[in-house]
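The listed protein sequences derive, respectively, from chains A and B.
Numbered by the numbering used here, the letters in the first sequence go through residues 1 to 455 in order.
Numbered by the numbering used here, the letters in the second sequence go through residues 1 to 225 in order.
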Amino acid sequence: MKTLYSKFVWMTLLIMFASGTIGFMVVNTFYHQNLKEKNDEKNIEVAKSIVELIETSNLNSFTPLLQTIGDTGYQIYIVNEDGEEEFYGGDFRIREMNNSIVNRVLSGEVYHGMREYPKETFITGYFSNELTNTVGVPFTFDHKKYALFQRPNIKFLFNEIHLLLGGLAGAMIFISVIAMLIVAKRMIDPLAKLTLATKKIANEDFEVPILVNQRDEIGQLADSFRNMVKQLEASDRYKKEFIARVSHDFQTPLLNIQGYAALLENGELNSNYAEIIRKEAKRLSGVMKQLLLLTSFDQANNRTKKELFQLDDQLKQVVLKFRWLLDEKDISIQLQLKKVEVLGDQEMLEYVWENLISNAIKYNYSPGEIQLEMTETMEYVQVIIQDNGIGNKDTDYGQWTERFYREDEARSTQIEGSGLGLAIVKEVIQSHNGMLSFENVEPHGTKVCVQLKKM
Amino acid sequence: MVVILAVDDDVHTLELISIFLSNTGYRVVKAKNGREGLALIENELPDLAIVDVMMPEMDGLTLTKIIREQYDFPILLLTAKGRLEDKEKGYLAGSDDYLVKPFEPKELLFRIRAILRRYDKTSDANIQIGNMLINRKSFEVQIGEELLVLPLKEFELLSKLASKPNQVFTRDQLIEAVWGIDFEGDEQTLSVHIKRIRERLVKTQTDIQIKTVRGMGYKLEGMHV
Chain A
1 MKTLYSKFVW
11 MTLLIMFASG
21 TIGFMVVNTF
31 YHQNLKEKND
41 EKNIEVAKSI
51 VELIETSNLN
61 SFTPLLQTIG
71 DTGYQIYIVN
81 EDGEEEFYGG
91 DFRIREMNNS
101 IVNRVLSGEV
111 YHGMREYPKE
121 TFITGYFSNE
131 LTNTVGVPFT
141 FDHKKYALFQ
151 RPNIKFLFNE
161 IHLLLGGLAG
171 AMIFISVIAM
181 LIVAKRMIDP
191 LAKLTLATKK
201 IANEDFEVPI
211 LVNQRDEIGQ
221 LADSFRNMVK
231 QLEASDRYKK
241 EFIARVSHDF
251 QTPLLNIQGY
261 AALLENGELN
271 SNYAEIIRKE
281 AKRLSGVMKQ
291 LLLLTSFDQA
301 NNRTKKELFQ
311 LDDQLKQVVL
321 KFRWLLDEKD
331 ISIQLQLKKV
341 EVLGDQEMLE
351 YVWENLISNA
361 IKYNYSPGEI
371 QLEMTETMEY
381 VQVIIQDNGI
391 GNKDTDYGQW
401 TERFYREDEA
411 RSTQIEGSGL
421 GLAIVKEVIQ
431 SHNGMLSFEN
441 VEPHGTKVCV
451 QLKKM
Chain B
1 MVVILAVDDD
11 VHTLELISIF
21 LSNTGYRVVK
31 AKNGREGLAL
41 IENELPDLAI
51 VDVMMPEMDG
61 LTLTKIIREQ
71 YDFPILLLTA
81 KGRLEDKEKG
91 YLAGSDDYLV
101 KPFEPKELLF
111 RIRAILRRYD
121 KTSDANIQIG
131 NMLINRKSFE
141 VQIGEELLVL
151 PLKEFELLSK
161 LASKPNQVFT
171 RDQLIEAVWG
181 IDFEGDEQTL
191 SVHIKRIRER
201 LVKTQTDIQI
211 KTVRGMGYKL
221 EGMHV
């Protein structure tokens with residue numbers, strides 16, 4: 001596996017190498033363009049003063065003098081008109097020298113080898129220890145013409161500095177890599193902790209402490225991670241409760257369907273059985289639909305998407321949806337609508353009206369009546385749905401909206417329902433900052449009042 | 001005979017729809033997907049199409065669009081998804097109505113009847129008497145600010161009476177208009193329905209009344225009629 005550590009080390013080394021190379025090239029170019037000529041002049045001065053010394057000192061031989069000068073840090077090459085060569089001081093790496101150059105110097109010219117030294121990208125002219133990279137001057141000794149070529153002995157002069165510079169670079173590289181590793185560790189550690197935490201969470205262990213306290217981007221990541229864990233935990237807890245609570249409501253109708261279907265299979269033709277199966281299947285589908293809706297509410301984050309819409313249009317649409325049922329049960333519905341716009345989640349509120357109106361139909365007599373009335377104040381709009389149906393003797397209205405609440409078992413088994421509808425209605429209305437109230441109507445029937453904020 | 005094209009990729013659903021509709025007296029033409037359905041339209045010329053949204057080959061929305069462009073008969077979409085945006089998509093594609101699965105067969109029948117009625121060009125337009133507006137396309141009765149939604153039979157009875165205010169309709173005329181010639185119930189049914197309409201009208205803001213004309217039948221009356 002490619003770890004971030006090795007990536008960091010490689011990147012550091014690569015950056016150092018690249019910057020070294022680029023730096024070298026820049027310096028080299030600078031040398032060739034600006035320093036080369038001055039260096040050449042400087043060295044010609046040196047060469048001239050050596051020659052002057054030789055010519056004016058009345059020496060028997062210039063050898064000891066040149067040896068001494070060579071020992072102080074110069075590389076010297078002497079050649080005379082007879083072609084006799086001598087070297088003093090440090091050695092040249094490349095000793096080749098064009099004869100024509102030698103001849104020109106012998107005939108009195110000055111050789112600017114350092115200035116003329118060809119420019120190459122990866123070799124610094126300053127350091128190249130070649131015979132051509134010298135300066136040459138003529139002189140006469142003992143009636144013979146000589147040419148003297150010299151360059152400073154870089155190795156001799158700068159040996160220690162080389163070591164020092166090398167050591168400096170080495171230490172820099174070493175320390176940089178180590179420091180990079182430490183920095184990398186500081187950055188990678190929280191990531192490793194988060195990775196470990198994700199693994200635990202994947203195994204539904206939500207009790208992982210995430211010990212990351214930073215104020216940078218990684219700190220933010222850790223914060224949102226903690227937040228996510230909290231939400232995951234909540235929805236996980238909810239899911240488990242939900243399954244436990246619901247499985248019963250699924251199992252019962254399924255059991256009935258299986259049982260009665262088996263009876264039909266055995267040839268016991270009783271139309272009641274088919275009806276039971278149909279009703280139970282419908283009950284299942286209802287429970288299913290409502291539970292799905294309910295789950296979306298139980299998410300910790302309420303993601304209702306609110307928009308402005310015509311409440312009266314919505315109410316009318318819902319009523320029209322139930323026309324067939326109204327027709328079946330010979331129920332008329334009287335609507336008193338007002339043109340009112342409300343801000344809310346259309347889909348959720350549609351569910352509210354569907355539920356309340358279907359209740360008004362379900363718990364009604366045949367023939368029966370329903371009145372739907374809208375009233376408005378400056379801030380609120382009130383929707384009253386009143387039926388003259390069978391009502392509910394239970395006046396503990398708060399209980400009606402409990403999940404899985406069903407009115408008095410014996411009576412309510414005649415009517416299909418999951419006991420979830422009003423629980424959802426209540427949650428929708430609460431999420432819209434509205435109010436929901438119930439009232440029994442004399443002599444019989446129920447009045448439901450929903451109050452919603454207009455904006 | 002009314003011909004209905006049913007398009008659904010689920011064989012059982014298709015069969016179920018077909019059985020219910022056939023029992024009600026419609027002739028049903030079945031297709032398993034949009035392409036097949038389109039091919040059948042040429043020969044059968046249906047009066048209405050029931051189209052499932054999710055199907056292979058050609059989905060219901062595409063089929064609806066094509067039918068809208070080329071033919072003139074209503075479309076009822078069936079879907080398993082009851083979300084608002086799906087409904088919008090359906091109406092945008094040009095469907096006339098929308099039914100969410102699972103549905104009651106009775107609901108399907110009701111919707112079919114309502115759509116066919118709306119498409120029936122022979123059915124009369126609105127009737128206005130006093131402050132009462134009877135909309136014969138949407139089966140709604142508007143009384144001032146109020147909207148009254150009546151059971152269908154009652155609605156038809158009221159609109160028949162309202163078609164000629166102050167004129168007496170005999171009991172037989174009314175029964176034939178609302179229940180049909182081969183109605184097997186007794187005259188009591190008519191009285192019950194008249195009584196119910198009266199009860200419902202009393203609670204509204206209208207002054208229109210149904211008067212019994214002894215030995216003859218009923219008529220509609222109002223102060224401003």
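Backbone N, C-alpha and C fix where the C-beta goes; we use that ideal spot for every residue, glycine too.
Expected contact under 8 Å - CB spacing of A/I76 and A/L4 to nearest Å: Taking the first sequence and counting its residues from 1, one reaches residue 76 of chain A at position 76. Taking the first sequence and counting its residues from 1, one reaches residue 4 of chain A at position 4. Not a contact, Cβ separation roughly 57 Å.
Given this structure, state the Cα-to-Cα distance separating A/T413 from A/G389, to the nearest angstrom. In the first sequence, the residue the question calls residue 413 of chain A occupies position 413. In the first sequence, the residue the question calls residue 389 of chain A occupies position 389. Legend: pLDDT at A/T413 = 47, less than 50; position of this residue unreliable, value from coordinates given subsequently. In a straight line, the C-alpha of A/T413 is about 17 Å away from that of A/G389.
When DSSP labels each residue in this structure, what does B/V213 get in the three-state scheme? Position 213 of the second sequence, counted from the start, is the residue given in the question as residue 213 of chain B. For B/V213, the three-state secondary structure derived from DSSP is strand.
B/L190 versus A/L343: straight-line alpha-carbon distance, rounded: Position 190 of the second sequence, counting from 1, holds the residue named residue 190 of chain B. Position 343 of the first sequence, counting from 1, holds the residue named residue 343 of chain A. Whole-angstrom Cα-Cα distance: 46 Å.
Taking the alpha carbon of B/I4 as the reference point, which residue from B/E69, B/L116, B/L99 has its own alpha carbon closest? Your numbering for residue 4 of chain B matches position 4 in the second sequence. Of B/E69, B/L116, B/L99, the residue nearest in Cα terms is B/L116.
Minimum Cβ-Cβ distance from B/L174 to chain A less than 8 Å: Within the second sequence, numbered from 1, the residue matching residue 174 of chain B stands at position 174. It does not: the Cβ of B/L174 has no partner Cβ on chain A nearer than 8 Å.
Do you know offhand how far A/Q220's Cα is from B/D96's? Mapped onto the first sequence, residue 220 of chain A falls at position 220. Mapped onto the second sequence, residue 96 of chain B falls at position 96. Roughly 52 Å between the two C-alpha positions.
Option in A/N80, A/K321, A/S247 with minimal Cα separation from B/V100: By 1-based counting over the second sequence, the position of residue 100 of chain B is 100. Residue A/K321 is the option with its Cα nearest to B/V100.
Whole angstroms are fine: how far does the CA of A/S128 sit from the CA of A/A184? Working through the first sequence from its first residue, we reach residue 184 of chain A at position 184. Working through the first sequence from its first residue, we reach residue 128 of chain A at position 128. Those two C-alpha atoms are separated by around 41 Å.
Evaluate the contact criterion for the region 19–26 of chain B versus the region 102–110 of chain B: three or more CB pairs, one atom per stretch, below 8 Å. yes
Own chain, CB closer than 8 Å to A/E409, minus 5 neighbours either side, in chain order: As a position in the first sequence, residue 409 of chain A is number 409, starting the count at 1. Because the pLDDT of A/E409 is 47, which lies under 50, any placement of that residue in the model is unreliable, and the number read from its coordinates should be weighed accordingly. Around A/E409: no qualifying Cβ.
My output table needs one value for A/K453: the three-state DSSP class, helix, strand or coil. Numbered from 1 along the first sequence, position 453 holds the residue referred to as residue 453 of chain A. Here A/K453 sits in strand by DSSP.
A/R186 in three-state terms, based on DSSP: Stepping through the first sequence from its first residue, residue 186 of chain A is reached at position 186. Here A/R186 sits in helix by DSSP.
Residues near A/N301 in its chain [Cβ-Cβ closer than 6 Å; skip 5 each side]: In the first sequence, the residue the question calls residue 301 of chain A occupies position 301. Here A/N301 scores only 43 on pLDDT, less than 50, and its place in the model should not be relied on; the value that follows carries that caveat. Apart from the 5 residues on each side of it in sequence, A/N301 has no Cβ closer than 6 Å to any other Cβ in its chain.
Are the region 136–148 of chain A and the region 106–114 of chain A touching by the rule of at least three beta carbon pairs closer than 8 Å? yes
When you check each C-beta in the region 331–345 of chain A against every C-beta of chain B, which residues fall closer than 9 Å? I331, S332, I333, Q334, L335, Q336, L337, K338
On a Cα-Cα basis, can you pick out the residue from B/G34, B/T79, B/L147 that is closest to B/K203? Taking the first residue of the second sequence as position 1, residue 203 of chain B is located at position 203. Taking only the C-alpha atoms, the option nearest B/K203 is B/L147.
Please list the residues of the region 436–451 of chain A that have a C-beta atom closer than 7 Å to any C-beta atom in chain B, keeping them in chain order. The region 436–451 of chain A vs chain B, Cβ under 7 Å: nothing.
Members of the region 265–293 of chain A near chain B, C-beta cut-off 7 Å: Of all residues in the region 265–293 of chain A, only S285 place a beta-carbon less than 7 Å from a beta-carbon of chain B.
Quick one: which chain A residues come within Cβ less than 7 Å of B/P102? Counted from its first residue, the second sequence places residue 102 of chain B at position 102. Residues of chain A whose Cβ lies closer than 7 Å to the Cβ of B/P102 are, in chain order, S285.
Length of the line joining the Cα atoms of B/D47 and B/K87: Residue mapping note: residue 47 of chain B aligns to position 47 of the second sequence, counting from 1. Residue mapping note: residue 87 of chain B aligns to position 87 of the second sequence, counting from 1. Taking the straight line joining both Cα atoms gives about 22 Å.
Can you tell which of B/R214, B/T13, B/Q209, B/K30 has the C-alpha that lies nearest to the C-alpha of B/A6? Position 6 of the second sequence, counted from the start, is the residue given in the question as residue 6 of chain B. B/A6 has its Cα closest to that of B/K30, out of B/R214, B/T13, B/Q209, B/K30.
Closer than 8 Å to chain A by CB, B/P74: Here residue 74 of chain B corresponds to residue number 74 of the second sequence, with the count starting at 1. So no, B/P74 is outside the interface.
What is the DSSP secondary structure of B/S95, counted as helix, strand or coil? Here residue 95 of chain B corresponds to residue number 95 of the second sequence, with the count starting at 1. For B/S95, the secondary structure class from DSSP, reduced to helix, strand or coil, is coil.
Per DSSP, B/K30 forms a beta bridge with which residues? Taking the second sequence and counting its residues from 1, the one referred to as residue 30 of chain B is at position 30. Bridge partners of B/K30: B/A6.
Report yes or no: is there a C-beta of chain A within less than 8 Å of the C-beta of B/I19? Taking the second sequence and counting its residues from 1, one reaches residue 19 of chain B at position 19. No - not a single Cβ of chain A is within 8 Å of the one on B/I19.
Test: A/D327 CB closer than 8 Å to a CB of chain B: Locating residue 327 of chain A in the first sequence gives position 327, where the first residue counts as 1. Yes, its Cβ sits closer than 8 Å to a Cβ of chain B.
Just verifying my parser: in three-state terms, what is the DSSP assignment at A/N364? Working through the first sequence from its first residue, we reach residue 364 of chain A at position 364. Coil, per DSSP.
Are the Cβ atoms of B/G217 and B/V178 separated by less than 8 Å? Within the second sequence, the letter at position 217 stands for residue 217 of chain B. Within the second sequence, the letter at position 178 stands for residue 178 of chain B. Contact: no.
What's the C-alpha gap between B/I50 and A/F206? The residue you call residue 50 of chain B lines up with position 50 of the second sequence. The residue you call residue 206 of chain A lines up with position 206 of the first sequence. The alpha-carbon separation between B/I50 and A/F206 amounts to approximately 50 Å.
Would you report the Cα separation of A/K454 and A/V381, rounded to the nearest angstrom? Taking the first residue of the first sequence as 1, we reach residue 454 of chain A at position 454. Taking the first residue of the first sequence as 1, we reach residue 381 of chain A at position 381. When rounded, the distance between both Cα atoms is 6 Å.
Given that B/L148 touches chain C, what residues does it touch there, using C-beta distances under 8 Å? The structure shown has no chain C; the protein chains it does contain are A and B.
What are the boundary residues of the alpha helix (DSSP H) that B/R171 is part of? Position 171 of the second sequence, counted from the first residue, corresponds to residue 171 of chain B. Counting along the chain, the alpha helix (DSSP H) containing B/R171 begins and ends at 171–179.
For A/K7, I'd like the list of residues in its chain whose CB is within less than 6 Å of its CB, leaving aside the five on either flank, ordered along the chain. Within the first sequence, the letter at position 7 stands for residue 7 of chain A. None.
Out of A/I333, A/K289, A/K155, which one is the CA nearest neighbour of A/F250? On the first sequence, residue 250 of chain A is found 250 positions in, with the first residue counted as 1. Measuring from the Cα of A/F250, the nearest candidate turns out to be A/K289.
Taking the C-alpha atoms as reference points, what is the distance between A/A262 and A/S285? As a first step, residue 262 of chain A is located in the first sequence; it is residue number 262 there, counting from the start. As a first step, residue 285 of chain A is located in the first sequence; it is residue number 285 there, counting from the start. Taking the straight line from one Cα to the other gives about 21 Å.
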